[in-house]
Amino acid sequence: MTPSTVRRWAWIHKWSSLICTVFMLLLCVTGLPLIYHHEIDHALGNAIEAPSMPASTPKASLDAVLAAGKTLYPNKIAMYLSQEADDPSIWFLTMGDNPTDEKFKSIAVDARTAKVLGEPSFEGSFLGVMFHLHVDLYAGLWGKLFLGFMGLLLVIAIVSGVVLYAPFMRKLEFGEVRRERGPRVKWLDLHNMLGIVTMTWALVVGATGMINTWADLMLKYWQTTEMADMIAPYKGLPPPTQLGSMQKSLEHAVAAEPGMKIGFVAFPGTAFSSPHHYGIFMRGDAALTSRLYKPVLIDAQTTEITDRRELPWYLTGLLISQPLHFGDYGGAWMQFLWAALDVITIFVLGSGLYLWLKRGAPAPARAAAAKEERQQEATV
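Sequential numbering of the sequence shown, starting at 1036, is according to the numbering used here.
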């Protein structure tokens, strides 16, 4: 590259990095505990666990599960019902005063006995704070979009850093750190080496994080297009006054999608259904397909299937990017790898900030600092 080309890429790398560095540091720090959210919940005693029972213990009817929640909150209605992919022994029931109640109650119900196990407390907890800082900065959609823009700047910084790596390191061996040239050069070499080592991971996590910030917009688009088409035959009809059996609805969905398991249920009036339907979202049972959903719409009165179809490509991409962002695919070893690379990336971001601050010092100050360092080395 010509000197002018290098200068242009250096300008792009400098400013894209500087603008996003503080926020990327925040995301790396808050993302680290989220990688181990299950383990942290257990360590803090916040996790709700079902009692141990034989694997052959039959599951309770979903109607009994709903009745348990209704007994606890008789004046509220069911909004969502879900299970963790790796723990089918607990149903998590969300109940509110209306189908879109933001002050909902979350209830954990034993899937075998239909007994209430407790009420998970997420908002205000340590992990709840980490989650909101990581996802939306407590600013809702605008916070997500802002962090998405910071993710875009990170991708630009990574790409420009890769372009600059060859001309800046052409006279050095890979991994060489010039300790004899002073602390700033040493930090520069460490920054370049660790940056190129974590490049692929940072690019993947940055890109998937940016995609995740568009989730609300993607869902709204899907609701106004494909979901609207799925519920079109019910347009203008009055909502049902009596809901059919949730257990029968589930059985019909499972029969229609053999080999799949229930992911979550959206009750009538919520964002993932209509006033006339149960939205039963089925998932696969493999590591990858367990994150991919297929909506099955059930008439909430007759419990019969009215429509089912695959999700569009953009939602499939979103669902794949979510577990990839947090390293949820490969168990404990992948979690450890993600955590280690996260810590290294914190160092890369911090060293980049350090290099900028040192570079920004006036020349006399840098000279005085270098002289003081040489004197200290001479006295050791």
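For glycine and all other residues, C-beta sits at the position ideal for the given N, C-alpha and C.
Remember, it's a predicted structure, so these values are computed and weren't measured experimentally.
Y1389 has its alpha-carbon roughly 46 Å from the corresponding atom of S1117. Beta-carbon to beta-carbon, L1332 and D1342 are separated by about 5 Å, close enough to satisfy the 8 Å threshold. Per the DSSP secondary-structure output, G1131 pairs in a beta bridge with I1112. I1246 and L1061 have their C-alpha atoms roughly 18 Å apart.
Counting C-beta pairs closer than 8 Å gives fewer than three between the region 1099-1117 and the region 1169-1182, which falls short of the contact rule. Put simply, of K1049, A1321, V1240 the residue whose alpha carbon is nearest the alpha carbon of M1295 is A1321.
Rounded to the nearest whole angstrom, the CA to CA distance from V1170 to A1263 is 28 Å.
Here A1367 is exposed. Its C-beta has fewer than 16 other C-beta atoms within 10 Å.
In this structure, DSSP gives W1126 an extended state, which the three-state scheme calls strand. Residues of the same chain with a CB within less than 6 Å of the CB of L1188, apart from the 5 flanking positions on each side, are S1051, I1054, C1055 in chain order.
The beta-bridge partner set that DSSP reports for K1296 consists of R1318.
8 Å or more divides the Cβ of L1152 from the Cβ of D1076.
Restricted to the region 1161-1210, the alpha helix (DSSP H) segments that are unbroken, complete and at least 4 residues in length are 1161-1170, 1175-1204, listed in chain order. F1299 and T1337 have their C-alpha atoms some 20 Å from each other.
Contact between L1067 and D1377 is confirmed by a C-beta separation of about 5 Å, below the 8 Å threshold.
Residues of the same chain with a CB within less than 8 Å of the CB of H1167, apart from the 5 flanking positions on each side, are Y1173 in chain order. Selection A1120, P1358, K1140, S1386 evaluated against W1222 yields S1386 as nearest (Cα-Cα). In this structure S1309 is in contact with I1266, their Cβ atoms being roughly 4 Å apart against a cut-off of 8 Å.
Note on geometry: alpha-carbon atoms of A1306 and M1281 lie some 18 Å from one another.
The shortest CA-to-CA distance from L1384 to any of L1069, W1126, M1059, A1201 is the one to M1059. According to the DSSP assignment, Y1328 belongs to the beta strand (DSSP E) that extends over 1328-1334. Rounded to whole angstroms, A1250 and T1259 show a C-alpha spacing of 14 Å.
For E1261, the closest C-alpha among the options T1248, L1346, E1339, I1315 is that of L1346. Counting other Cβ atoms within 10 Å of its Cβ, G1271 stays below 16 and is therefore classed as exposed. For I1075, the enclosing alpha helix (DSSP H) covers residues 1072-1078. Excluding residues up to 5 positions away in sequence, T1243 lie with their Cβ nearer than 6 Å to the Cβ of L1359 in the same chain. A distance of 8 Å or more separates the beta carbons of A1375 and I1070. Under the three-state reduction of DSSP output, Q1357 falls in the helix class. Separation of L1229 and W1236 (C-alpha to C-alpha, rounded to the nearest whole angstrom) is 11 Å. Note: H1312 is bridge-paired with D1334 in the DSSP secondary-structure output. For R1343, the enclosing beta strand (DSSP E) begins and ends at 1340-1343. In this structure, DSSP gives L1323 a state outside helix and strand, which the three-state scheme calls coil.
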